[in-house]
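Whatever position you read off the sequence shown (first residue = 1), add 6 for this note's numbering. Virtual Cβ for every residue (Gly too), placed ideally from N, Cα, C. To keep things clear, I will list the structure first and then write my remarks on it.
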Amino acid sequence: MAYSADTIAALATPVGTSALATVRASGSLVAELGAAIFNEPPRPRLARHGDYRDRTGTLIDDVVYTYFQAPNSYTGEDILEVSCHGNLFIVHKILDDLFARGCRPAEPGEFTKRAFLNGRIDLSQAEAVVDLIQAHSERALAAANQQLRGSLGRRMQDMISRLLDLLANVEACIDFPEEDLPPENRSSLLAGIQQLLADTGRLLATSHYGEMLRDGVKTVILGEPNAGKSCLLNRLVGYERALVSSEPGTTRDYLEERIALGPHCIRFTDTAGLNASPAPLEKLGITKTLERAAVADLILLVFDATRAAPFLPPEILSRLTPQNTLVVINKTDLAPNGPYPRPPENLPAIKVSALTGAGCDELVSAIVRHVESFRMEYSEDFVAINARHTNALNQATECLQAAMYKIPIESPLELLASDLRGVLNAFGEISGKIDNEQILDRIFAKFCIGK
Ligand SMILES: Nc1nc2c(ncn2[C@@H]2O[C@H](COP(=O)(O)OP(=O)(O)OP(=O)(O)O)[C@@H](O)[C@H]2O)c(=O)[nH]1
Ligand SMILES: [Mg+2]
7 MAYSADTIAA
17 LATPVGTSAL
27 ATVRASGSLV
37 AELGAAIFNE
47 PPRPRLARHG
57 DYRDRTGTLI
67 DDVVYTYFQA
77 PNSYTGEDIL
87 EVSCHGNLFI
97 VHKILDDLFA
107 RGCRPAEPGE
117 FTKRAFLNGR
127 IDLSQAEAVV
137 DLIQAHSERA
147 LAAANQQLRG
157 SLGRRMQDMI
167 SRLLDLLANV
177 EACIDFPEED
187 LPPENRSSLL
197 AGIQQLLADT
207 GRLLATSHYG
217 EMLRDGVKTV
227 ILGEPNAGKS
237 CLLNRLVGYE
247 RALVSSEPGT
257 TRDYLEERIA
267 LGPHCIRFTD
277 TAGLNASPAP
287 LEKLGITKTL
297 ERAAVADLIL
307 LVFDATRAAP
317 FLPPEILSRL
327 TPQNTLVVIN
337 KTDLAPNGPY
347 PRPPENLPAI
357 KVSALTGAGC
367 DELVSAIVRH
377 VESFRMEYSE
387 DFVAINARHT
397 NALNQATECL
407 QAAMYKIPIE
417 SPLELLASDL
427 RGVLNAFGEI
437 SGKIDNEQIL
447 DRIFAKFCIG
457 K
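Right, here's the structure in full:
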């Protein structure tokens with residue numbers, strides 16, 4: 007039984023002039039509408055060429071339409087897709103006609119929301135639709151496709167089914183109050199909980215990479231004034247994005263540029279140079295630099311090859327690790343044979359000239375290698391969770407830990423069961439076995455209209 011009886015309609019392609027535009031409608035009126043508009047009952051899954059005539063019989067456009075019969079459609083309801091010429095005037099004429107015939111405008115994400123409510127996809131798959139639409143790199147695309155095919159849903163299902171076994175064991179003993187859990191059951195319960203904690207931990211470990219996939223890898227270019235940071239940014243992004251000048255202190259405010267580098271989406275941030283004794287305005291810029299550095303996934307620390315290693319504030323030095331930092335020794339064209347400034351201990355260094363481009367391919371490869379090393383998951387069924395999943399899994403971890411601590415002290419089984427039910431709720435939120443309208447509205451509001 008479909009979740010909703012009313013029929014929704016919307017433009018599914020971008021607003022503007024284009025070769026084609028697709029209007030789609032979903033709901034119980036669709037079959038009837040198709041027959042009325044095109045003068046023949048629509049046949050499922052067949053692209054048909056026809057005249058779109060409005061209710062008064064006026065010809066609007068020459069179109070190709072496809073009918074998908076419930077439940078074999080994206081939403082699980084009857085769907086009609088009309089591809090017309092990509093002219094907004096035509097699109098509005100068609101939509102006005104559909105509204106006049108009893109459809110109502112779809113809300114953002116409402117087609118996908120119906121797919122979820124009709125059980126076609128779980129909530130993590132619905133979120134993957136947004137990820138897929140917004141993917142800007144090969145890795146983000148692959149991860150979105152995996153999630154859309156249910157990789158996270160399957161993991162959660164497996165964990166939920168093991169959790170239900172544990173819960174059933176505990177609850178069975180509650181039903182017989184004279185019984186307590188026999189010691190061997192306590193130890194297998196403990197083992198089961200520890201296993202779930204480990205699996206939850208493994209999923210949580212993908213959270214940082216998931217964030218990088220969805221938002222791009224925050225790569226911050228740091229260094230003293232005039233080291234060539236802006237010149238390097240321009241070289242990496244392939245055009246004159248930032249002002250470059252021989253005057254130290256050129257970049258005052260930070261600036262960002264997002265590009266695909268290898269299979270990754272990288273968000274480069276060029277920053278104001280770190281100066282040990284800054285003028286007041288420079289100081290403001292440096293504060294911003296420190297803020298960006300504090301949240302960076304990757305730091306490119308630029309040194310001028312012709313100068314001694316620069317001053318670095320302690321809050322920067324303490325953040326630098328071989329995993330998150332690449333030292334870039336720039337301007338090597340001016341000092342082909344060195345000696346070069348020494349990078350802080352253990353940090354990998356690459357010699358380049360942002361001016362000539364020498365060494366920049368190696369730098370790009372090193373950036374890609376570093377980002378690859380952030381990826382914790384290498385399974386076939388790749389998973390990289392988002393912030394909502396992270397919250398739910400953190401909640402699950404708390405409840406699992408609470409349950410685990412109760413086992414050796416033999417606390418009442420009701421309390422143990424209550425912790426495990428907490429885990430069940432948290433796990434359930436990920437695939438959407440929840441009755442929380444607010445959470446659903448928040449998720450689907452991220453979609454565009456027509457999806
Ligand atoms: N020879 C040579 N000059 C370079 C190289 N990279 C940058 N420069 C020059 O160094 C000067 C400073 O470059 P910028 O990119 O503006 O330096 P910055 O680090 O952004 O400086 P601030 O914004 O002031 O902190 C400019 O005159 C550049 O042309 C390089 O690899 N070789
Ligand atoms: Mg600059």
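Pairwise C-alpha distance: residue j and residue i
i           : j           : result
residue 298 : residue 226 : 7 Å
residue 426 : residue 141 : 36 Å
residue 33  : residue 80  : 11 Å
residue 264 : residue 136 : 19 Å
residue 24  : residue 17  : 13 Å
residue 360 : residue 377 : 21 Å
residue 423 : residue 104 : 52 Å
residue 244 : residue 238 : 10 Å
residue 438 : residue 150 : 17 Å
residue 305 : residue 253 : 24 Å
residue 385 : residue 155 : 15 Å
residue 371 : residue 267 : 9 Å
residue 114 : residue 288 : 44 Å
residue 9   : residue 69  : At residue 9, the pLDDT of 48 sits below 50, so the modelled position is not reliable and the matter cannot be decided from this model.
residue 421 : residue 175 : 14 Å
residue 162 : residue 259 : 44 Å
residue 407 : residue 197 : 12 Å
residue 328 : residue 375 : 12 Å
residue 7   : residue 125 : Confidence at residue 7 is low in this model, with a pLDDT of 41, below 50, so the placement of that residue should be treated as unreliable; the coordinate-derived value is given next. Their Cα atoms are separated by approximately 10 Å.
residue 456 : residue 84  : 15 Å
Simplified DSSP assignment, three categories, for residue i
i           : result
residue 363 : coil
residue 23  : coil
residue 214 : helix
residue 203 : helix
residue 281 : coil
residue 336 : strand
residue 4   : Since the first residue shown for the chain is 7 and the last is 457, residue 4 is missing from the structure and cannot be characterised.
residue 293 : helix
residue 84  : coil
residue 37  : helix
residue 310 : strand
residue 251 : coil
residue 43  : helix
residue 374 : helix
residue 301 : coil
residue 348 : coil
residue 189 : helix
residue 354 : coil
residue 317 : coil
residue 424 : helix
residue 128 : coil
Enclosing beta strand (DSSP E) for residue i [first to last residue]
i           : result
residue 59  : 54-59
residue 62  : Note, residue 62: premise wrong, no beta strand (DSSP E); not H, not E.
residue 258 : Run containing residue 258: none; DSSP gives neither H nor E here.
Residue of the options minimising C-alpha distance to residue i
i           : options               : result
residue 397 : 354, 286 and 436      : 436
residue 201 : 214, 164, 228 and 174 : 164
residue 315 : 286, 351 and 293      : 351
residue 75  : 51, 65, 137 and 249   : 51
residue 281 : 329, 275 and 257      : 257
residue 43  : 61, 367, 28 and 330   : 61
residue 279 : 456, 241, 367 and 319 : 319
residue 148 : 383, 169 and 326      : 383
residue 322 : 311, 295, 347 and 336 : 295
residue 401 : 374, 434, 412 and 373 : 434
For residue i, the first and last residue of its enclosing alpha helix (DSSP H)
i           : result
residue 403 : 393-412
residue 380 : Here residue 380 belongs to no alpha helix (DSSP H), and DSSP marks it neither H nor E.
residue 100 : 94-106
residue 263 : From DSSP, residue 263 is part of no alpha helix (DSSP H) but of the beta strand (DSSP E) over 261-267.
residue 457 : Looking at the DSSP string, residue 457 is not in any alpha helix (DSSP H), and its letter there is neither H nor E.
residue 388 : Taken as a continuous stretch (DSSP letters only), residue 388 belongs to no alpha helix (DSSP H), as it is neither H nor E.
residue 415 : Looking at the DSSP string, residue 415 is not in any alpha helix (DSSP H), and its letter there is neither H nor E.
residue 118 : 116-123
residue 323 : 320-323
residue 145 : 144-154
residue 17  : No alpha helix (DSSP H) contains residue 17, which is instead part of the beta strand (DSSP E) from 14-17.
Contact under 8 Å by Cβ, residue i with residue j
i           : j           : result
residue 432 : residue 405 : yes
residue 339 : residue 364 : yes
residue 122 : residue 229 : no
residue 389 : residue 158 : yes
residue 101 : residue 40  : no
residue 13  : residue 29  : no
residue 311 : residue 343 : no
Residue i Cβ short of 7 Å to ligand 3 heavy atom set
i           : result
residue 385 : You won't find ligand 3 in this model; what it holds is ligand 1 and ligand 2.
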